[in-house]
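Asks: Okay, here's the structure, questions in a sec.
4 protein chains.
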Amino acid sequence: MAKPLLSAADVKGAWAIIPTPSKDNASDWRATKTVDLDETARVVNGLIDAGIDGILSMGTLGEAATMTHDEKLDFMRALIDAAAGRVPVFVGTTCINTRDTVALTREALALGADGTMLGVPMWCAPSLDVAVQFYKDVAEAVPEMNIAIYANPEAFKFDFPRPFWAQVAEIPQVVTAKYIGVANLLPDLAAIRGRIKLLPIDFDYYGAARMDDSVDAFWSSGAVCHPLVTTTLRDLVAQARASGDWSAAKAFMGRLGPTAAPLFPNGSFKEFSTYNIALEKARMDAGGWMKAGPVRPPYHLCPEPYLAGARKSGQMWAELGKALEAEALGAAA
Amino acid sequence: MAKPLLSAADVKGAWAIIPTPSKDNASDWRATKTVDLDETARVVNGLIDAGIDGILSMGTLGEAATMTHDEKLDFMRALIDAAAGRVPVFVGTTCINTRDTVALTREALALGADGTMLGVPMWCAPSLDVAVQFYKDVAEAVPEMNIAIYANPEAFKFDFPRPFWAQVAEIPQVVTAKYIGVANLLPDLAAIRGRIKLLPIDFDYYGAARMDDSVDAFWSSGAVCHPLVTTTLRDLVAQARASGDWSAAKAFMGRLGPTAAPLFPNGSFKEFSTYNIALEKARMDAGGWMKAGPVRPPYHLCPEPYLAGARKSGQMWAELGKALEAEALGAAA
Amino acid sequence: MAKPLLSAADVKGAWAIIPTPSKDNASDWRATKTVDLDETARVVNGLIDAGIDGILSMGTLGEAATMTHDEKLDFMRALIDAAAGRVPVFVGTTCINTRDTVALTREALALGADGTMLGVPMWCAPSLDVAVQFYKDVAEAVPEMNIAIYANPEAFKFDFPRPFWAQVAEIPQVVTAKYIGVANLLPDLAAIRGRIKLLPIDFDYYGAARMDDSVDAFWSSGAVCHPLVTTTLRDLVAQARASGDWSAAKAFMGRLGPTAAPLFPNGSFKEFSTYNIALEKARMDAGGWMKAGPVRPPYHLCPEPYLAGARKSGQMWAELGKALEAEALGAAA
Amino acid sequence: MAKPLLSAADVKGAWAIIPTPSKDNASDWRATKTVDLDETARVVNGLIDAGIDGILSMGTLGEAATMTHDEKLDFMRALIDAAAGRVPVFVGTTCINTRDTVALTREALALGADGTMLGVPMWCAPSLDVAVQFYKDVAEAVPEMNIAIYANPEAFKFDFPRPFWAQVAEIPQVVTAKYIGVANLLPDLAAIRGRIKLLPIDFDYYGAARMDDSVDAFWSSGAVCHPLVTTTLRDLVAQARASGDWSAAKAFMGRLGPTAAPLFPNGSFKEFSTYNIALEKARMDAGGWMKAGPVRPPYHLCPEPYLAGARKSGQMWAELGKALEAEALGAAA
């Protein structure tokens, strides 16, 4: 608890977003203790061994909505113990009000979490004032905890406008953000004045990195399909930035980009959001690198054609990872 | 716990929706035990004395999102004890997943609640299948508990379409619904085949009652501004239905209707929903009949002009109540 | 041109909305003179013979967007000549700006049209001020022309809020409105203070009529599937109002209501609006009473499953009409 | 008419979007011949003298919706004559159906226009099939005319998804597009396979150019506030691309970017779209470089605070232009 806060500059490279692995009966509302703690430890070790720079967890696909309180504590413990301080670990403590969030965040801190990837209570759509004050209150209540703004407009009924970024940039604990899209990236970067490291998704990282040199980190839920894809993206962008030659990074995007399409039903982020957890876990399971396991209720139902698309996305990602492995062997030979 | 389930026909007349009265420090995230239990008991007694037929609580304006677990139990206890079986009491047990909802619903049942006004987990927008299965699972888990579907499209990211009504009508525990609007009332009534009593809001009750003779109950959050307005509406519609002469009921709507307008900022239900709790509590406090008290965080911030509109709405309602009192005295003299 | 303006009270009973019948090549952008003028005359005569009280035309399904100027004049002439003053005839003169609308409305007046069913220019979403001023300007420019507000929120990017109705009620030429839904019917009726006859769709007429005694007219695009259905609805509501016994009207709605469902893809008005013309013309052709003909470009493309639903809707309507004929024969025998 | 079609590669640099200058009475629906032809010629000459690379016109702010047919021909003539072949000139021929669009596009071709900036008929929201077929039909009907897709989602009720771009890229006449945003830029660029030059707005040009080397052209409605700002942006990006040093271009964006904010009411593109014409013309008039003149009906009404923001945006742009002039003088001295 005496650790100093991170700074935006400390958040760098490839950050994996991980699911909460579940046991086989996890879709049954009668089930308890559904977290697969062994798989949790295995995944964390695997990601760190693969060179991942940080871990985000307990967001939407991490089933923060549907784990019981006890399961949350169990999972946090397993995660933090496995990481053992090798990389920063952000858990998720989003609740549907300020006071429960404060309480859970304090528990996470006591367990040794470096930070919380934190969304806004979503029963009512938050106004700008409500959203900003929520982050201020949590930061005031748990001043040793780093905060990653979890900027998901569908989950939190909030579009995270520029004035929001300008205001939360004043909160020292807010050091990073799981960010979506590049439409407003440049003005949002202007609004935060270097105080928050915005993390685009892996699929947007190449474009975002070219738009602004300050973008040197991203999040990747694909990392658990095959981490080498994620670290390769990170390294190619870093090499391009150093050399000024972006051709290899761009060529790699030509291989990575098409894996995104089948994940989004009808190309719609809104439709994806309805089935977010089921789609992401199906994709991860199809990747074959980890066992994400069944979805906790009530979100365990999803149309089969959507799941098939997600699985295809995971398989494509994994195939790309295997091709990269083969290329590395070829290069080494 | 041995009480038989209600039937749709048992849900009749004027059902008050009440807030969770709060102590003066309730907007501070440091506060605990914020429920004003004395005011809770006083309001319940007052409503029953005034002739209200049932009580709904712990919805959006009832701050189900922002009470702590302990506060929920305290409030339920006070509410159920005060009602003492004189009218049916529905608490609210909406949580952000199935298992927490089941656990809380079981606690509510054990405390003696007649039912739960139950919304759908709202982190992800529920698909039709997810929403229906959620109600089935809760009903299976707590079979002695009556369920009122809490059909708020803004809160729950779900538009409660006709097939939803057709499917939840198969669940015996689902006996009523806090319903919004009259746009789809007739087809939705056809879909439920008499198995669920749909409760329109007070402002829509006259129109809904004229549209269909089966509509003989409604919900009223205005009841706590002055219950006589709510019971007068109920009685005038009943008299009209009996006599076939709707002129007095219609004339009364001409007095009641205008009190709604200032409650909705720019006439928008979506905008109202963002500030639902603050607006409703301001309106109630302005009514002068009860002390709703401050809003729990993070929803305690609201633009002053919106609050002024809400207060005006509450004052207009209260003035109508006083006028009705005076007219009753005049008629009696 | 010396005819006095209609009043709201003059608009009564069942108003048919008709398509612009087209020749077989009408979906080809090379085609000209695509209006089937013979079918136009036949349909108008048929509707009037069947007892329809008024005719609305050249709205969305009437292909006002896609007829050439010459075709519009040809169609108006055929329509007005066939009606020959027996019932009021409203054409449609919606253009994408004020000046073109004025010019076309003047031409329609010169041809003998009683009124124009008039929407708002839809390139930009109109603000409230823009929408109101548009109707004021057209009314000022063509003071002898009756105006029916064409209140379609999807077509015109405008939600026709209460203040709109209050303001256009001040324009003497505005005597009626093609109205959608019943959600806001009572407050909108209050806003117009008796100066505009709001016409709900046939499917909503029973409910609207019960909600308010002033509702004694409606529009029906189903009329051209089989006019007896439309006039039966009108007559049963009138009889119910006179007798106070609504049971026969309600029972009839139980037969009519289900014909609506297959017309709306996935139950969505927004989705219906995308394919409005193709769906309505397919429905009408399937009714077998008239030949609506192919859709003019660019709106001639529509997914086959949607068309199948629309055809089913038309067949169901036509079957209801035939059943009514048989029942009338039975009753007469 | 014997001119060969342009290719995507021919569309380069800074393309100005111009309004249709209007005479003082142009907001009156009684007015005719409202185009200020002298100002039209002056503006075209001024832009070309300032080094602008191409001209787009008769879009939303160019009042394609509200000019009469005669005015459109007058304006096209003046515009094309003034340009005299020195830069490519695109007029706008968007109508609310295919056949009128074909007719007007043929007239524009006959007058010597190089291309048409063409939106989709917007009475009904177009489905993907309808939108694609519309462009195919116009291209087939007027094969000598270059087409710029006018991708405005608010005006045309269409979100221009990736499959749209993939399909219209097959049409040889489609050589460029007035494009909005950068959110989907990289996948859309992949979809068009180099066959269409996508033009981002000036405010997005820096970011888009960094994202992809193929982006070497943009549109600018600010050009008529002070063209030097627009050409400076073009030149700094070109220099950065040549040298690999983007610092001067980025620093310039830091000066240009803030002029955008006051143009968008509450930061909303949707709200901007409602008042697009009034806001853009107010901004242009405030720039002082040209006289855009009053707005044609019905879009001439706009809240004063919104206009004030637009004027501020225009003044800021003009001041930046003057500062650039002064800096150029200083550098030359």
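Top to bottom, those sequences are chains W, E, L and Y.
Going by numbering that gives the first Met the number 0, the first residue of the first sequence is number 0, and it counts up by one from there.
Going by numbering that gives the first Met the number 0, the first residue of the second sequence is number 0, and it counts up by one from there.
Going by numbering that gives the first Met the number 0, the first residue of the third sequence is number 0, and it counts up by one from there.
Going by numbering that gives the first Met the number 0, the first residue of the fourth sequence is number 0, and it counts up by one from there.
Heads up, the beta-carbon is just placed ideally off N, CA and C, and yes, glycines get one too.
Here the structure is a predicted model, which means the values were calculated and not measured.
Can you find at least 3 beta carbon pairs, one from the segment 208–227 of chain W and one from the segment 225–241 of chain Y, that sit closer than 8 angstroms?
Replies: no
Asks: With the cut-off set at 8 angstroms, would you say T230(W) and V10(W) are in Cβ contact?
Replies: Position 231 of the first sequence, counted from the first residue, corresponds to residue 230(W). Position 11 of the first sequence, counted from the first residue, corresponds to residue 10(W). It is not a contact, given that the beta carbons lie outside the stated cut-off.
Asks: L60(L): which of S220(L), S26(L), C123(L) sits nearest, CA to CA?
Replies: What you label residue 60(L) is simply residue 61 of the third sequence in a count that begins at 1. Taking only the C-alpha atoms, the option nearest L60(L) is S220(L).
Asks: Are R254(W) and M66(W) touching if we call contact CB-CB under 8 angstroms?
Replies: The count along the first sequence starts at 1 and reaches residue 254(W) at position 255. The count along the first sequence starts at 1 and reaches residue 66(W) at position 67. No. Outside cutoff.
Asks: Please list the terminal residues of the continuous alpha helix (DSSP H) segment that includes I276(L).
Replies: For the purposes of this step, residue 276(L) is taken as the residue at position 277 of the third sequence. Counting along the chain, the alpha helix (DSSP H) containing I276(L) begins and ends at 275–286.
Asks: By the 10 Å Cβ neighbour count, where 16 or more other Cβ atoms means buried, how is G84(E) classified, buried or exposed?
Replies: Translated into the one-based positions of the second sequence, residue 84(E) becomes position 85. Exposed: under 16 other Cβ atoms inside 10 Å.
Asks: Rounding to the nearest angstrom, what Cα-Cα distance links M0(W) and G111(W) in this structure?
Replies: Position 1 of the first sequence holds residue 0(W). Position 112 of the first sequence holds residue 111(W). Reliability of the predicted coordinates at M0(W) is poor, the pLDDT of 45 falling under 50, and no value is obtained from them.
Asks: Spell out the partners DSSP gives K196(L) in its beta bridges.
Replies: Working through the third sequence from its first residue, we reach residue 196(L) at position 197. Paired residues: T175(L).
Asks: Is the segment 67–87 of chain L touching the segment 118–129 of chain L, taking contact as three or more C-beta pairs under 8 angstroms?
Replies: no
Asks: Would the beta-carbon of D113(L) fall within 8 angstroms of that of P87(L)?
Replies: One-based indexing of the third sequence puts residue 113(L) at position 114. One-based indexing of the third sequence puts residue 87(L) at position 88. Yes, the pair counts as a contact, with Cβ atoms nearer than the cut-off.
Asks: Does the distance from the C-beta atom of G320(Y) to that of L227(Y) stay below 8 angstroms?
Replies: As a position in the fourth sequence, residue 320(Y) is number 321, starting the count at 1. As a position in the fourth sequence, residue 227(Y) is number 228, starting the count at 1. Yes, they are a contact pair.
Asks: Closer than 9 angstroms by beta-carbon distance: list the chain Y residues that pair up with D99(L), in chain order.
Replies: Residue 99(L) sits at position 100 when you count from the first residue of the third sequence. Correct list: T65, T67, H68.
Asks: Give a yes or no on whether the minimum CB-CB distance between I17(E) and chain W is below 8 angstroms.
Replies: Stepping through the second sequence from its first residue, residue 17(E) is reached at position 18. It does not; no Cβ of chain W falls within 8 angstroms.
Asks: Evaluate L5(L) with the Cβ neighbour count: other Cβ atoms within 10 Å of its Cβ, from every protein chain shown; 16 or more gives buried, anything less gives exposed.
Replies: Here residue 5(L) refers to the residue found at position 6 of the third sequence. Buried, because 16 or more other Cβ atoms sit within 10 Å of the Cβ of L5(L).
Asks: By Cβ distance below 6 angstroms, which residues in the same chain neighbour S272(Y) in space, the five residues on each side in sequence not counted?
Replies: Taking the fourth sequence and counting its residues from 1, one reaches residue 272(Y) at position 273. The residues are E153.
Asks: Give the DSSP-derived three-state secondary structure of L60(W) in the structure shown.
Replies: Mapped onto the first sequence, residue 60(W) falls at position 61. Three-state DSSP puts L60(W) in coil, outside helix and strand.
Asks: Tell me, which residues are paired with A216(L) by DSSP?
Replies: As a working mapping, residue 216(L) is identified with position 217 in the third sequence. In the DSSP output, where bridge partners are listed per residue, A216(L) has G12(L).
Asks: So which residues of chain Y does A237(W) contact, with C-beta pairs closer than 8 angstroms?
Replies: Indexing the first sequence from 1 puts residue 237(W) at position 238. Residues of chain Y passing the Cβ test: none, with the nearest at roughly 16 angstroms.
Asks: Compare the C-alpha of G287(E) against each of K311(E), A330(E), V173(E), Y204(E) and name the closest.
Replies: Locating residue 287(E) in the second sequence gives position 288, counting from the first residue. Measuring from the Cα of G287(E), the nearest candidate turns out to be K311(E).
Asks: Please work out which residues of its chain come closer than 8 angstroms, Cβ to Cβ, to A140(L), disregarding the five sequence neighbours upstream and downstream, and give them in chain order.
Replies: Along the third sequence, one-based indexing puts residue 140(L) at 141. Within the same chain, A140(L) has close Cβ partners V101, T104, R105.
Asks: Could you check whether the Cβ of I95(W) sits closer than 8 angstroms to any Cβ belonging to chain E?
Replies: Within the first sequence, the letter at position 96 stands for residue 95(W). Closer than 8 angstroms to some Cβ of chain E, the Cβ of I95(W) qualifies, so yes.
Asks: Do you know how far the Cα of G243(Y) is from the Cα of D158(L)?
Replies: By one-based count along the third sequence, residue 158(L) stands at place 159. By one-based count along the fourth sequence, residue 243(Y) stands at place 244. D158(L) and G243(Y): Cα-Cα distance of roughly 51 angstroms.
Asks: Where G313(Y) and K280(Y) are concerned, what is the direct C-alpha to C-alpha distance, given to the nearest angstrom?
Replies: Walking along the fourth sequence from the start, residue 313(Y) turns up at place 314. Walking along the fourth sequence from the start, residue 280(Y) turns up at place 281. Taken atom to atom, the span from the alpha-carbon of G313(Y) to that of K280(Y) is near 9 angstroms.
Asks: By the three-class DSSP mapping on this structure, what secondary structure does L117(L) have?
Replies: In the third sequence, residue 117(L) corresponds to position 118, counting from 1. DSSP, reduced to helix, strand and coil, places L117(L) within a strand of the structure shown.
Asks: At a Cβ threshold of 8 angstroms, is V129(L) touching chain E?
Replies: By 1-based counting over the third sequence, the position of residue 129(L) is 130. No, V129(L) lies away from the interface with chain E (no Cβ there is under 8 angstroms from its Cβ).
Asks: Reducing DSSP to helix, strand and coil, say where L55(L) ends up.
Replies: Working through the third sequence from its first residue, we reach residue 55(L) at position 56. L55(L) falls in the strand class under three-state DSSP.
Asks: Quick check on Y205(Y): does DSSP put it in helix, strand or coil?
Replies: In the fourth sequence, the residue the question calls residue 205(Y) occupies position 206. Helix, per DSSP.
Asks: Could you tell me whether the Cβ of M0(W) comes closer than 8 angstroms to any Cβ of chain E?
Replies: The sequence position of residue 0(W) within the first sequence is 1, counting from 1. Confidence at M0(W) is low in this model, with a pLDDT of 45, below 50, so its placement is unreliable and the value that follows should be read with caution. No - not a single Cβ of chain E is within 8 angstroms of the one on M0(W).
Asks: State the DSSP-derived secondary structure class of F390(E), mapped to helix, strand or coil.
Replies: The structure shown does not extend to residue 390(E), since chain E is modelled only from 0 to 332, so the question has no answer here.
Asks: Taking only beta-carbon atoms, is Q172(E) less than 8 angstroms away from chain W?
Replies: Translated into positions along the second sequence, residue 172(E) becomes position 173. Output row for Q172(E): interface = no.
Asks: So for M0(L), helix, strand or coil by DSSP?
Replies: Here the question's residue 0(L) lines up with position 1 in the third sequence. With a pLDDT of only 45 at M0(L), under the threshold of 50, the placement of this residue in the model should not be trusted, and no figure is reported.
Asks: Mind the definition here: the segment 323–332 of chain E touches the segment 21–39 of chain L only if three or more C-beta pairs lie below 8 angstroms; say whether that holds.
Replies: no
Asks: Tell me whether L328(Y) is buried or exposed, calling it buried when 16 or more other Cβ atoms sit within 10 Å of its Cβ.
Replies: Locating residue 328(Y) in the fourth sequence gives position 329, where the first residue counts as 1. Exposed: under 16 other Cβ atoms inside 10 Å.
Asks: Going straight from the alpha carbon of A63(E) to that of V90(E), what length do you get?
Replies: To locate residue 63(E), count along the second sequence from 1; it is residue 64. To locate residue 90(E), count along the second sequence from 1; it is residue 91. Taking the straight line joining both Cα atoms gives about 9 angstroms.
Asks: The alpha helix (DSSP H) that contains Y134(W), what's its start and end?
Replies: Within the first sequence, numbered from 1, the residue matching residue 134(W) stands at position 135. Counting along the chain, the alpha helix (DSSP H) containing Y134(W) begins and ends at 127–140.
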